[in-house]
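Here the structure is laid out as structure tokens; the discussion comes afterwards.
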Amino acid sequence: MKLTLKVWRQKSASDKGRMESYTLDNVSGHMSFLEMMDVLNEQLISERKEPVAFDHDCREGICGMCSMHINGEPHGPDRGVTTCQLHMRKFNDGDTIYIEPFRAKGFPVIKDLVVDRSAFDRIQHAGGFISVNTSGNTQDANAIPVPKHDADKAFDAATCIGCGACVAACKNASAMLFVSAKVSQFALLPQGKVEAKRRVLNMVEQMDKEGFGNCTNTGACEVECPKGISLENIARMNREYLKASLSSE
Amino acid sequence: MSTLDAKIPEGPIKDKWTHHKNKINVVNPANKRLIDVIVVGTGLAGGSASASLAELGYNVKAFCFQDSPRRAHSIAAQGGINAAKNYQNDGDSVYRLFYDTVKGGDYRAREANVYRLAEVSENIINQCVAQGVPFAREYGGLLDNRSFGGVLVSRTFYAKGQTGQQLLLGAYSAMNRQIGKGKIKMYNRHEMLELVVVDGKARGIIARNLVTGEIERHSAHAVVIASGGYGNVFFLSTNAMRSNVTAAWRIHKKGAYFANPCYTQIHPTCIPRSGDYQSKLTLMSESLRNDGRIWVPKNIEDVKAIRAGQLKPTEIAEENRDYYLVRRYPAFGNLVPRDVASRAAKERCDAGYGVNETGEAVYLDFSSAIKRYGKEKATVMGENNPSDARVSELGEGVVEAKYGNLFQMYEKITDDNPYKTPMKIYPAVHYTMGGIWVDYNLMTTIPGCYATGEANFSDHGANRLGASALMQGLADGYFVLPYTIGDFLSNDIRTGPISSESAEFDEAEKSVKDRIQALMNIKGNKSVDHFHKRLGKVMWDNVGMTRNEQGLKEAIAEIRQIREEFHSSVSIPGEANELNPELEKALRVADFLELGELFACDALHRSESCGGHFREESAEEDGPQKGEAKRDDENFAYVAAWEWTGDPGKANLHKEELTFNDIELKQRSYK
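Chains as they are written, first to last, in our numbering: chain Y, 2 to 250; chain C, 814 to 1484.
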């Protein structure tokens, strides 16, 4: 395949940034998108130009580090995958591909395609945990049976990889899908119920502080989420939030 | 050469840890507030250690090169975590887990450490459940288990194919709680580039802020290295792209001995290579071997027809398939340990039976599991005489529930549907059992410097069993280090804050700046990856699944050559004082180029075969075990711990003799 790439280049956080155009020959359909970017970077280095900076690590769709906006969609045109698992067979010879960083007020650009997602960590610091110290003998792991259905639902919510595609996809740059996934995981498990009220109030407060927008139920986040996190979680978080706001401590 | 003292406590093996904990020095809670600990790495070992140390009251500074601690590579572990809970009533026990792990490691692990690991394994599951880790459950609401390679019981706890992710998110949540309280100061996007030793003790690190390029000094009373393994010395591996040896190598060069560097795990079930542009290999969890059957065609004509695209694997009749693991190892079949399964695949492919264009792939087939589950499900649903199509439909549903995300991942990468046609798999580098030498307290040969998780060498011997890496990472971080570190820190309650304005810090900072400047000044004409790929090819060809004297000697010469070229002709664009991924890579590859040589030297010196280390010169020549690995307990029942002397090819060998009081040394047979 021969491709034209329009890539966002931005030297630093304070730089204005611009799109630059590159052409690549001999792209194989078996390459992952990031392997294609590696080839581009090798080409740039051989031309003594600066390679494109992008975040990546595990390259198997689980670490959540990669974060590219490809042809207007976070993680590109395929469904249920991160950028590192998007394969070039999804594109055609002669295509022009637009590659930008995730764009949101809560995710400032650091350089080129690298953004700062530490806001997600701060939301977790506010309540994304169960307050249990390390002891190993709290009680036996099988002491509290959890209905399989609840355990599976909690697991589904817990598969969120924190990549931020939901925010990047949302016209309001809302982080509701991300926050609700963590709130749901704990709300569905008996261990999490004790602190449920405090958790949802604190996490939502921090989410608002970080400058993420509100949810208007357009559902773009669910469509673009590489792990298929369901909108149901947002509904659950809203219920939890309402319940926590209306009842006394 | 000297003999190393592992400081193993006296007494019967089952009492060692309890007695040791009772006798160890403890720091009182008020004094813990006066003590700082640096933890490098936030995977299962580092994340759990950071959280637990902070809960105890120490001031923790945690470092990771990713943008968040949640992204450490433990997250990619798929299959599960072992624990001797015996929930399945199949006769499991602490002793059995200990025995399996020592045997699986081919009798090259330290007995006392492994027993402790098995002992605390139960606590790990309790702790994780309390944290809200959503393990798989049965309909009764209790925890589910599955079995893994090399053992005869079901002791593996799992969360679909994402166990590592869920456990790491558990440790991350425990960290978050402490970060929120200010007990952990988190340094994201920072990479440790040097250890600072003051008066013979580890007292800090030099780190590079990867966003600004700034070189920073961080002091503490102790330093914990939990930076993972070094499988990326092979370039292509299942490790994350940025996993590296730098933190471990830096402490090695400051005096920490590096143990058994040649012990590498080559995992049997990975997606085969597809081309030269390939950047990494993807693992398919070993849990798939519970239900998948591994085979190649019996007849070479069928192999040729498959490669030519004229025949499909589903068209080959049962009697024309060679289920070579079942044939060679009837007792364990498809569930032999990883090293055995990998070499068996290589044997078939070397004999010409590989089933893809490169000749390096075997089948992993789920068709009979789909049929079996489909029939069971139909019975449960009261459907008598279901059609074949209905059985497949039901069976695929069951398989999807167990392995759905793995099947999806396979299909996305290869464009083949594994429900309908067998997966193609081939071995790939996955884990390194070798690592920094530590004593029973997990302290390295530098006082105050600890190594935990994959970064140390202690628990897996020459081969690691499946679902044991997660167990070790969390055992070290939650249940071992928080106790043992007190023994050292109890001497520091009156020390006061460690100053970072000392000659030692000046010198360490200067050495880092000089190293970076030297690399930036080369301004050569080849990319970092160019050298990394060359190193990886030498490692895979000569220091990979099987090794021999001549190949190893060639590898050592070639690695030295590549290293020289790297330092004279590497090209690093951009500046040192900005986000510069090429500079990051160059610093890591420079260390890999030194480690690679030590690795090959270690493999050369160990002329026996053991576990993942297979020397062609040391195989059984006849009898029922013909062709299998031949261990040499008389000459090699020791840990090889290497001391840096200024040249990786001239490291000093120190031995820790391994004694086995509670397990009889036997040939490892899975037949």
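Each residue gets a CB set at the ideal place from its N, CA and C atoms; glycine is no exception.
Outcome for residue i when other beta-carbon atoms lying within 10 angstroms are tallied against a minimum of 16
i       : result
H1003/C : buried
Y1253/C : buried
H1065/C : buried
R49/Y   : exposed
N1355/C : buried
V1193/C : exposed
A120/Y  : buried
N1020/C : Checking the displayed sequence, the identity of residue 1020/C turns out to be Ala instead of Asn. Buried, because 16 or more other Cβ atoms sit within 10 Å of the Cβ of A1020/C.
A1214/C : exposed
M1054/C : buried
Which residues DSSP lists as bridging residue i, in chain order
i       : result
C1262/C : V1036/C
S33/Y   : H88/Y
S175/Y  : G214/Y
C1423/C : H1426/C
N895/C  : T969/C
Y871/C  : In the DSSP output, where bridge partners are listed per residue, Y871/C has none listed.
I71/Y   : E74/Y, I100/Y
E1004/C : R1021/C
Q1078/C : Y1244/C
T219/Y  : For T219/Y, which the question treats as bridged, DSSP gives no partner whatsoever.
L1177/C : I1107/C, M1236/C
D1135/C : V1109/C
T5/Y    : T24/Y, T97/Y
C-alpha gap between residue i and residue j, whole angstroms
i       : j       : result
Q1091/C : L1049/C : 8 Å
S1324/C : K1350/C : 30 Å
A1144/C : C1083/C : 24 Å
K1188/C : Y1137/C : 27 Å
K1093/C : I46/Y   : 20 Å
M1333/C : V1383/C : 9 Å
I1107/C : P1235/C : 9 Å
Y1451/C : W1457/C : 19 Å
M988/C  : E1173/C : 43 Å
T831/C  : I837/C  : 10 Å
C877/C  : R884/C  : 9 Å
I1298/C : Y1291/C : 12 Å
F1301/C : D1152/C : 38 Å
G229/Y  : T135/Y  : 32 Å
E1388/C : K1336/C : 12 Å
Q1363/C : A1370/C : 11 Å
Presumed contact (8 Å Cβ cut-off) between residue i and residue j, rounded CB distance
i       : j       : result
A127/Y  : E206/Y  : 7 Å
A1453/C : H1426/C : Not really, about 11 Å apart at Cβ, beyond 8 Å.
L1478/C : Y920/C  : 5 Å
E1007/C : I1018/C : 7 Å
R1161/C : V1175/C : 6 Å
G1266/C : G859/C  : 7 Å
G854/C  : A1039/C : 4 Å
R950/C  : K149/Y  : 5 Å
A88/Y   : S33/Y   : It should be pointed out that residue 88/Y corresponds to His in this sequence rather than to Ala. With a Cβ gap of about 6 Å, H88/Y and S33/Y count as contacting.
Simplified DSSP state of residue i, which is helix, strand or coil
i       : result
I1107/C : strand
Q901/C  : coil
C226/Y  : coil
G1290/C : helix
W1455/C : strand
L1332/C : helix
H1467/C : strand
N1269/C : strand
K17/Y   : coil
A170/Y  : helix
F1412/C : helix
A142/Y  : coil
R1016/C : strand
F876/C  : strand
L1096/C : strand
M1284/C : helix
A890/C  : coil
Residue i beta carbon near the ligand FAD (any heavy atom closer than 7 Å)
i       : result
W1457/C : This structure lacks the ligand FAD, and indeed carries no ligand of any kind.
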